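**Q**
Number of protein chains: 2
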Amino acid sequence: MQNFVYHNPVRILFGEHTIAQLPTVIPQGSRVLMVYGQGSIHRNGVYQQVKTALNGWSLLEFGGLEANPHYETCLKAVEICHQETITFLLAVGGGSVLDGTKFIAAATLFAGDPWSMLADNAPVERALPLGCVLTLPATGSEMNGFSVISRESNQEKRGFGSPHLYPQFSILDPSTTFSLNDRQVANGIVDTFIHVMEQYLTTPAQAPLQDRQAEAIILTLLEEAPKVRTIPNDYAVRANLMWCATQGLNGLIGCGVPQDWSTHLIGHELTALYGLDHGQSLAVVLPGVWMFNLKLKQAKLAHYARRIWGMTEGSEETLALAAIERTEQFFRELGVKTRLSEYGIGPEAVQAVADRIKARGLTLGEQGNIGSDAVASLLTMRL
Amino acid sequence: MQNFVYHNPVRILFGEHTIAQLPTVIPQGSRVLMVYGQGSIHRNGVYQQVKTALNGWSLLEFGGLEANPHYETCLKAVEICHQETITFLLAVGGGSVLDGTKFIAAATLFAGDPWSMLADNAPVERALPLGCVLTLPATGSEMNGFSVISRESNQEKRGFGSPHLYPQFSILDPSTTFSLNDRQVANGIVDTFIHVMEQYLTTPAQAPLQDRQAEAIILTLLEEAPKVRTIPNDYAVRANLMWCATQGLNGLIGCGVPQDWSTHLIGHELTALYGLDHGQSLAVVLPGVWMFNLKLKQAKLAHYARRIWGMTEGSEETLALAAIERTEQFFRELGVKTRLSEYGIGPEAVQAVADRIKARGLTLGEQGNIGSDAVASLLTMRL
């Protein structure tokens, strides 16, 4: 096991009717800006629940944040924070709204060009305090200090993180997720699944508890995923999927183990250039990363084949290959396509993405062996 | 899944050589009281590592805290805190030292009779800030806000808890545990195991992720426990046991599920009256609680039999009974005896403990069905 630091101060309020507890967790006297997305919270009743809970509070609103929240839109909210001397940000929505709100929180108190936090790792030394009402389980952003922002003007999608970006609280009411459509649910499951894999499917690290904690999430996802389609209003199923998503990226399963994240960084480029949903981009890329690093990852892939898929027959390589194939099949069973061509993306994408990785000087993966040539190779396998 | 709140702000610094990081986590300018136990930290080098790390700091010492820390001893430390205007407490040792330090932290700032925090649930509204260097994995106290204190004068052992009692940080260097003796290691494994069971082995709660997270700890304990006896200086094994202990009682696996804790409350009385080690008392009581509540717990016991012990044959009751037997055998394989008579405790203990449960008006277990008569019944099974 590697040395690690674990510190996650987010307060989780989980369960039915928890939105009503908002007044107990937002600091009294705050000037609150409620940030939300494209309006689903009007349709599912969450908007009204928040307004009712915060009746009498100083509460302004900023709606319209996009999926893969736009830098340009966030900057409009930053202006409002300045003009209205906002002291607390309340994200109401899914991971995109939350990520956008984190960026707004940091940019409002950032002295220089806020893009430098995303492009140049300029340190985030402070941020407005923020909390969240989550309505879409997927990103884990509700219990971590990370955020990913897309800039329309140059088609860039970049992440950043800081201890200052942990939500002070996150309210998770699974009943708010009943109204999600199949595509949102499937993308959320894929996203959670691959967050776990970025921290689990690397090389053996003598960290059996972390392995089993990761497997706990994956096995629960595999059990619950089919149920959500047949009984969409089952509270327990929704609750389990929601808690899986949070546990998938709150730092716990990554304690003391190598981490990959190449699938995410390559997937971000596919989203930025071609508009794939985040979950879709990951489902396309992951099998390619695993095939490219088959030798490096073979032992862990075989372990995964045995533990998750109950495979026992054959060599380590056979098991590893079977696990990759079965994983892709799982995404397809969820209704998420796994080939670039299925999204109408042709071979030109291979070099386009590779060039971007090259321009950024990135070498990806847990051993840093995925440069731009490797990206081209593995994306070619995903055409 | 039940509604829940999860909030755990402890900063964990895990790994080799992490004691040297003490100056980065104790607030600058603190007047520190270092609290420790019976002197093992002198023998294993931890005392010197702490002194070296804090060279130049305002640092006083209070040694001599007992296993099952004594109320009376803690009050002596409280006097020092007042006299010396201590502003930060540093626990260096195992769970007992940490629990004692938590009590000292609360009692120093408590206005009334400090025993009332333990006996009457008097609310803990503030406490001195504290941190810890852990040297014995077992109690989980390093990542929670609980503490258990023993009062010699009336042979009472009582617990209390508060959000103000979370350590600000806990430093976990597995190499500090190489020098533990077999009894300490075995007790620590039993304690961790039963912490998990108090939160897991109740009734099914439609919380499959929490179940699997609990099983992750148990399965890891079962794998690592035999190794620690054959290769005592294996860092990875020690690291895994240490992280299991922390994960066993940091709130995570208890999210949204029923909890039992009757084994602990009955076990505390055995320790208070007869001086059993905490782990020993738990190993004695647990099978009795399970047998007494066999019908209530049958479904979960059978689930546990399948998931942990790989048992598949027979009725639910057969599986449940086999799991209880196998669990007791596991404790015995660790060298921990599981019968009162093996500790020289006779039938008089049955009524003595039951009377104490009655005097306190306690009804124990996840459904509150274990009163004093039930305690007498189940302890009779453990003679």
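Chains as they are written, first to last, in the working numbering: chain V, 9 to 391; chain B, 9 to 391. Virtual Cβ for every residue (Gly too), placed ideally from N, Cα, C. Remember, it's a predicted structure, so these values are computed and weren't measured experimentally.
1. With a threshold of 8 Å (Cβ to nearest heavy atom), would Phe300/B be considered close to the ligand MG?
2. For chain V, find out if any of its Cβ atoms is closer than 9 Å to the Cβ of His25/B; answer yes or no.
3. Tell whether a beta-carbon distance below 9 Å holds between Met250/V and Leu180/V.
4. Name the chain B residues whose beta carbon is nearer than 7 Å to that of Trp251/V?
5. Can you list, in chain order, the residues of its chain with a C-beta nearer than 8 Å to that of Ile316/V? Leave out the 5 residues immediately preceding and following it.
6. Please return the same chain residues whose Cβ sits closer than 6 Å to the Cβ of Thr116/B, not counting the five positions on each side in sequence.
7. Tell me which residue opens and which closes the beta strand (DSSP E) that Glu321/B is part of.
8. Which residue wins for smallest C-alpha separation from Gly53/V, given the options Asn76/V, Ile27/V, Trp65/V?
9. On the three-state DSSP scale, how would you describe Ile378/V?
10. Candidates Leu294/V, Ala310/V, Tyr312/V: which alpha carbon is nearest Val383/V's?
11. Between Thr211/V, Phe177/V, Gly148/V, Tyr79/V, which lies nearest to Asp121/V when the distance is taken from Cα to Cα?
12. CA-CA distance, Ser66/B and Val33/B?
13. Between Ser158/B, Leu68/B, Ser385/B, Met389/B, which has its C-alpha nearest His286/B's C-alpha?
14. Between Ala362/V and the rest of its own chain, which residues show a CB-CB distance below 8 Å, the 5 nearest in sequence each way excluded?
15. When DSSP labels each residue in this structure, what does Met125/B get in the three-state scheme?
16. Can you check whether the CB of Thr335/B is closer than 9 Å to the CB of Trp298/B?
17. Just the chain B side, please: which residues come within less than 8 Å of Thr228/V by C-beta, in chain order?
18. Determine the chain V residues that contact Glu277/B at a beta-carbon separation under 7 Å, and present them in chain order.
19. Pick from Ala114/V, Gly256/V, Leu73/V, Phe70/V: whose alpha carbon is nearest that of Glu150/V?
20. Rounded to a whole number of angstroms, what is the C-alpha to C-alpha distance between Ala253/B and Ala215/V?
21. Determine, for Pro234/V, whether the minimum Cβ-Cβ distance to residues of chain B falls below 9 Å.
22. My output table needs one value for Tyr174/B: the three-state DSSP class, helix, strand or coil.
23. Using 9 Å as the limit for Cβ to Cβ distance, is Gln255/B near chain V?
24. Are the region 201-218 of chain B and the region 201-215 of chain V touching by the rule of at least three beta carbon pairs closer than 8 Å?
25. Cβ closer than 7 Å: which chain B residues qualify as neighbours of Leu21/V?
26. Rounded to whole angstroms, what is the Cα-Cα separation between Gln306/V and Glu374/V?
27. For Gln10/V, would you say it is in contact with chain C, using Cβ-to-Cβ distances shorter than 9 Å as the test?
28. Is there a Cβ from chain V that is less than 9 Å from the Cβ of Pro17/B?
29. To the nearest angstrom, report how far apart Asn129/B and His172/B are at their CA atoms.
30. Helix, strand or coil, according to DSSP, for Ile179/B in the structure here?
31. Measure from the alpha carbon of Met389/V to the alpha carbon of each residue in Val156/V, Glu232/V, Asn11/V, Gln359/V, then state which is nearest.
32. Going residue by residue through the region 108-161 of chain V, where are the continuous beta strand (DSSP E) segments of at least 3 residues, counting only ones entirely within it?
33. Counting pairs of beta carbons, one from the region 160-179 of chain B and one from the region 14-30 of chain B, are three or more of them closer than 8 Å?
34. When you compare only the Cα positions, how much space is there between Asn189/V and Tyr351/V?
35. Round the Cβ separation of Ala313/B and Ala291/B to the nearest angstrom and send it over; I've been treating them as touching at under 8 Å.
36. Who are Val344/B's beta bridge partners in DSSP?
**A** Reading from the atomic positions:
1. What this structure holds is no ligand at all, so the ligand MG is not there to describe.
2. yes
3. yes
4. Leu217
5. Glu223, Ile226, Leu227, Leu230, Ala331
6. Val86, Cys89, Leu136
7. Per DSSP, Glu321/B belongs to no beta strand (DSSP E) and is neither H nor E.
8. Ile27/V
9. strand
10. Leu294/V
11. Tyr79/V
12. 15 Å
13. Ser158/B
14. Ser380, Asp381, Val383, Ala384, Leu387
15. helix
16. yes
17. Pro216, Leu217, Arg220
18. Here the premise fails: no neighbours, minimum Cβ distance about 32 Å.
19. Gly256/V
20. 14 Å
21. no
22. coil
23. yes
24. no
25. Val13
26. 14 Å
27. The question asks about chain C, but that chain is absent: this structure's protein chains are V and B.
28. yes
29. 14 Å
30. strand
31. Gln359/V
32. 138-142, 154-159
33. yes
34. 19 Å
35. About 19 Å separates the two Cβ atoms, so there is no contact after all.
36. Paired residue(s): none; Val344/B is not in a bridge.
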